[in-house]
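Residue numbers (the numbering used here): 164 to 343.
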C-alpha cells in the first residue's frame, strides 16, 4: 500500500492500496514473518505512473526524473531474496535485470547494510550506475517477510532528493498477519 505525504509533511487520512489481498490456505510453518501488507508513504509531489504499475513519478517529470518503485515478489523461486544475500550477489542480480531489459550498466554499491525493520530482516542498499552518460543514484530497501517487499528510490545525481528519500525509511510500515 502507499499513501501520499503532503508538502507540509502531514500524513494522509487514507492510503492507496498497491497490493491485492487473498485468502490463503493454512501453510506449513515457515521461519519467515507473515506480512499482510507493507505501507509506504509517498511524498505528495509524486503521482502513480500510467505506464509502470507500482512506480510513482515526480509531478515535474520528465524535468525531474526521480521516482519511487514498489514491488512485492513471492517468497519462493526467482522472487525470493535470501537472508544471506551478499553485496556481490545483489550487484549481479541488478545488472542481470538491466540486461534483460536491454541495458548494459555497471552498478557501484556505495553501501550494503543488513537491517531489521520491526523484527523483519532486510537490506538497505545505496548504489549508482550510469545510463546514457547520466549518473543515477538509488536507495533500495528489501524487506524479507514471507514475500519480498522492495522499495526503490531513484534520482539523477543532480535531482537532490536523496535526503528526502532517506527520511522516508521511518514511513515504511509492515503490517503483520497476527496484528489484523
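Beta carbons: idealized from backbone N, C-alpha and C, even for Gly.
If I measure Cβ to Cβ from residue 210 and keep anything under 7 Å in the same chain, skipping five residues before and after, which residues do I get? In the chain shown, the residue the question calls residue 210 occupies position 47. Cβ within range, chain order: 219, 220 and 222.
Inter-stretch contact at 8 Å, needing at least 3 Cβ pairs: the segment 250 to 259 / the segment 223 to 237: Segment contact: the segment 250 to 259 against the segment 223 to 237, fewer than three CB-CB distances shorter than 8 Å; contact not assigned.
Quick check on the DSSP output: the alpha helix (DSSP H) that includes residue 327 runs from which residue to which? Stepping through the chain shown from its first residue, residue 327 is reached at position 164. Under the DSSP assignment, residue 327 falls in the alpha helix (DSSP H) whose first and last residues are 325 to 330.
Paired residues, beta bridge with residue 277 - DSSP: Walking along the chain shown from the start, residue 277 turns up at place 114. Residue 277 is bridged to 286.
So, at 6 Å on beta carbons, what are the nonlocal neighbours of residue 349 in its own chain, with the 5 sequence-adjacent residues on each side left out? Here the chain comprises residues numbered 164 to 343, so residue 349 is not present and cannot be evaluated.
With 16 as the cutoff for other CB atoms within 10 Å, does residue 310 come out buried or exposed? Here residue 310 is taken as the residue at index 147 of the chain shown, counted from 1. Classification for residue 310: buried.
State the Cα-Cα distance for the pair residue 277 and residue 292, rounded to the nearest angstrom. Reading the chain shown from its first residue, position 114 is the one you call residue 277. Reading the chain shown from its first residue, position 129 is the one you call residue 292. Residue 277 and residue 292 have their C-alpha atoms spaced approximately 21 Å apart.
So what's residue 224 in DSSP terms, helix, strand or just coil? Within the chain shown, residue 224 is the residue found at index 61, counting from 1. Coil, per DSSP.
Same chain, Cβ closer than 8 Å to residue 269, neighbours up to 5 away in sequence not counted: By 1-based counting over the chain shown, the position of residue 269 is 106. Only 258, 292 and 293 meet the Cβ criterion.
Rounded C-beta distance between residue 250 and residue 275? I'm assuming under 8 Å. Here residue 250 corresponds to residue number 87 of the chain shown, with the count starting at 1. Here residue 275 corresponds to residue number 112 of the chain shown, with the count starting at 1. Sure, about 4 Å apart at Cβ, within 8 Å.
Using beta-carbon positions only, say whether residue 333 and residue 305 come within less than 8 Å of one another. Mapped onto the chain shown, residue 333 falls at position 170. Mapped onto the chain shown, residue 305 falls at position 142. With respect to the 8 Å criterion, residue 333 and residue 305 are not classified as neighbours on the basis of their beta carbons.
Own chain residues within Cβ distance below 6 Å of residue 316, not counting five before or after: As a first step, residue 316 is located in the chain shown; it is residue number 153 there, counting from the start. Around residue 316: 231, 302 and 328.
Does the beta-carbon distance from residue 203 to residue 314 come in below 8 Å? Along the chain shown, one-based indexing puts residue 203 at 40. Along the chain shown, one-based indexing puts residue 314 at 151. With contacts defined as CB atoms closer than 8 Å, residue 203 and residue 314 qualify as a contacting pair.
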